[in-house]
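Participant:
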Amino acid sequence: MEYGTVFIILACIFGFFMAWGVGANDVANAMGTSVGSRALTIRQAVIIAAVFEFAGAWLAGGQVTQTIRSGMVDPNLMAGTPELLVFGMLASLLAAGTWLLIASHFGWPVSTTHSIVGAIVGFAAVGIGVEVVEWGKVGRIAMSWVVSPLLAGVIAFALFRSVQVLILDTREPLANAKRFVPGYIFLAAFVTALVTLFKGLTHLGLEFTILEAYVIAAAIGIVVSAFGVTAIRRMRFDPSEDRDFHFTSVEKVFGVLMLVTACAMAFAHGSNDVANAVGPLAAVVSVVQSGGVVTTQAAMPIWILLLGGLGIVVGLVTYGHKVIATIGTGITQLTPSRGFAATLAAAITVVMASGTGLPISTTHTLVGGVLGVGMARGIAAINLGVVRTIFLSWIVTLPAGAILAIVFFFGLKGAFGLAAG
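Residue numbering for the sequence shown follows our numbering, starting at 1 and increasing by one per position.
Structure follows, in structure tokens:
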């Protein structure tokens, strides 16, 4: 294919830019609750997210990438003009990355999944034809944007209600926190490990039976829980700290749990949202390396996942603090116990979706989790003004991604006119 090397270089640059935007904006969904509840400092959150976002992208990012890469449009209808698919994927990466840069500058927590899906559908429908778009799959993904926050909200509500019943509303909340928090730690580690073992490692050549997956996940949960028990036992509690806030000592215990759930959420986020950056990149590389052959399935090179993971980490370190502040303090007042329920609920929802190949919005999911915790405390605990602003930014994101992609698509098509011919 003419200009093939140029296309791959542009795809790598635009893919890295998009991954940077994912880190700068969407990583707040993984770390915002931890920082907002003061369980972690921003510095600690950046270090944890850098490690686990990268691990999630590398170990469990392949499944969702297939959906973003080849599930949005019908490649068979573009078999005669592979350059159009290349231009479209390049335009989509550049459009979504540009929108995320704008949103991150203003501290808006927008959906990176909305951005890239809107961009791909926009270029395909206007630049090529509405018949190219796989509307059934697009509809399934759009439905997940409604289902995922509802599911995360229900899980978060149930988790926090269990915390209230088992710990906060008892006569000895501190003693019960020490008793039950290790169980919550086990749950967080077990669920994350289980879904990863089931679905996330197939592209590495690692496949496990159901029994093997459960045994390994349980072992991981026990080990992580043991570390949590050790950390809790080393804590020193001062009864005078509970005078101003009755649950100060209890929340210190939940700080350990918050650390575990932050790691789980960062891993889940990396596994799901790396697809937003590297899916279109993988499509471009596949078309160019095959000499213009458009296929529905192709191997996912590890270096592409690594590039996406690196971009996410760089975006987080350089520009992630603005959106972290919005998520962490804007929707409702968070403590470690509340942040744990929201974060674990979102992590469970995201890793389940990642395992099934469904690119849900982490933003929607975590906001749903935070709202679920707020509802468990009563509607008055929620800042409805901030929630309305967030919802409005979600509505704007889809058309913004689509319009930018259409503009960039025709710009690239014109710039590489000879290649298209």
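Glycine included, every Cβ here is placed at the ideal spot set by N, Cα and C.
1. Rounded to whole angstroms, what is the Cα-Cα separation between residue 369 and residue 291?
2. Within the chosen definition, does the stretch 42-61 reach the stretch 250-269 through at least 3 CB pairs nearer than 8 Å?
3. In three-state DSSP terms, what is residue 133?
4. Would you kindly work out how many angstroms separate the C-alpha atoms of residue 127 and residue 119, rounded to a whole number?
5. Reducing DSSP to helix, strand and coil, say where residue 382 ends up.
6. If you draw a straight line from the alpha carbon of residue 94 to that of residue 407, how long is it in whole angstroms?
7. Please report the Cβ distance between residue 98 and residue 404, rounded to the nearest whole angstrom; I am assuming they are in contact, meaning their Cβ atoms lie under 8 Å.
8. To the nearest angstrom, how far is the alpha carbon of residue 133 from that of residue 121?
9. Excluding sequence positions up to five away, which residues of its chain have a Cβ less than 7 Å from the Cβ of residue 16?
10. Going by beta-carbon coordinates alone, are residue 361 and residue 111 separated by less than 9 Å?
11. Would DSSP call residue 9 helix, strand or coil?
12. Give the DSSP-derived three-state secondary structure of residue 173 in the structure shown.
13. Answer yes or no: do residue 24 and residue 319 have a C-beta to C-beta separation smaller than 9 Å?
14. Any idea if residue 40 is buried or exposed, counting beta-carbon neighbours within 10 angstroms, 16 or more meaning buried?
15. Go ahead and pull the three-state DSSP assignment for residue 69.
16. Identify which residue in 261, 239 and 251 has its Cα closest to the Cα of residue 189.
17. Is DSSP giving residue 334 helix, strand or coil here?
18. Cutting at 6 Å between CB atoms, please list the residues of its own chain near residue 148, excluding the five before and the five after it.
19. Can you tell me where the alpha helix (DSSP H) with residue 239 in it begins and where it stops?
20. Would residue 159 and residue 345 qualify as a contact pair, given that the criterion is a beta-carbon distance under 9 Å?
21. Measure the Cβ-Cβ separation of residue 276 and residue 18 and say whether it is below 9 Å.
22. Do three or more CB pairs link the stretch 178-194 to the stretch 221-229 at distances below 8 Å?
Facilitator: The relevant details are as follows:
1. Counting from 1 along the sequence shown, the entry for residue 369 is found at position 369. Counting from 1 along the sequence shown, the entry for residue 291 is found at position 291. Between residue 369 and residue 291, the C-alpha separation is close to 45 Å.
2. They touch, by the three-pair rule.
3. On the sequence shown, residue 133 is found 133 positions in, with the first residue counted as 1. Residue 133 falls in the strand class under three-state DSSP.
4. Within the sequence shown, residue 127 is the residue found at index 127, counting from 1. Within the sequence shown, residue 119 is the residue found at index 119, counting from 1. Cα to Cα, the separation comes out at about 11 Å.
5. Within the sequence shown, numbered from 1, the residue matching residue 382 stands at position 382. Looking at residue 382 - three-state DSSP - the assignment turns out to be strand.
6. Mapped onto the sequence shown, residue 94 falls at position 94. Mapped onto the sequence shown, residue 407 falls at position 407. Distance between residue 94 and residue 407, taken at the CA atoms: about 10 Å.
7. Residue numbering aside, residue 98 sits at position 98 when the sequence shown is read from its first letter. Residue numbering aside, residue 404 sits at position 404 when the sequence shown is read from its first letter. Contact check for residue 98 and residue 404: beta-carbon distance about 6 Å, within the 8 Å limit, so the pair qualifies.
8. Position 133 of the sequence shown, counted from the first residue, corresponds to residue 133. Position 121 of the sequence shown, counted from the first residue, corresponds to residue 121. For residue 133 and residue 121, the distance between alpha carbons rounds to 6 Å.
9. Within the sequence shown, the letter at position 16 stands for residue 16. The answer, listed in chain order, is 307 and 311.
10. Against the sequence shown, residue 361 aligns to sequence position 361. Against the sequence shown, residue 111 aligns to sequence position 111. Their beta carbons are under 9 Å apart, which means residue 361 touches residue 111 by this criterion.
11. Against the sequence shown, residue 9 aligns to sequence position 9. Three-state DSSP puts residue 9 in a helix.
12. What you label residue 173 is simply residue 173 of the sequence shown in a count that begins at 1. In the structure shown, residue 173 sits in a helix (DSSP, three-state: H, G or I).
13. Within the sequence shown, residue 24 is the residue found at index 24, counting from 1. Within the sequence shown, residue 319 is the residue found at index 319, counting from 1. Yes, Cβ-Cβ distance for residue 24 and residue 319 is below 9 Å.
14. As a first step, residue 40 must be located in the sequence shown, where it is residue number 40. When all chains shown are included, residue 40 counts as buried.
15. In the sequence shown, residue 69 corresponds to position 69, counting from 1. Residue placement at residue 69 is flagged as unreliable, the pLDDT there being 48, under the threshold of 50; the coordinate-derived value follows with that caveat. Taken through DSSP and simplified to helix, strand or coil, residue 69 comes out as helix.
16. Locating residue 189 in the sequence shown gives position 189, counting from the first residue. The residue from 261, 239 and 251 with its alpha-carbon nearest to that of residue 189 is 261.
17. If you number the sequence shown from 1, residue 334 lands on position 334. Coil.
18. On the sequence shown, position 148 is the one that residue 148 refers to. So the qualifying residues of the chain are 349, 360, 364 and 365.
19. In the sequence shown, residue 239 corresponds to position 239, counting from 1. Here residue 239 belongs to no alpha helix (DSSP H), and DSSP marks it neither H nor E.
20. One-based indexing of the sequence shown puts residue 159 at position 159. One-based indexing of the sequence shown puts residue 345 at position 345. Cβ atoms of residue 159 and residue 345: closer than 9 Å.
21. In the sequence shown, counting from the first residue as 1, residue 276 sits at position 276. In the sequence shown, counting from the first residue as 1, residue 18 sits at position 18. Against a cut-off of 9 Å, the Cβ pair of residue 18 and residue 276 comes out as a contact.
22. Using a Cβ-Cβ distance cut-off of 8 Å, the stretch 178-194 and the stretch 221-229 are in contact, since at least three pairs of beta carbons, one from each stretch, lie closer than that value.
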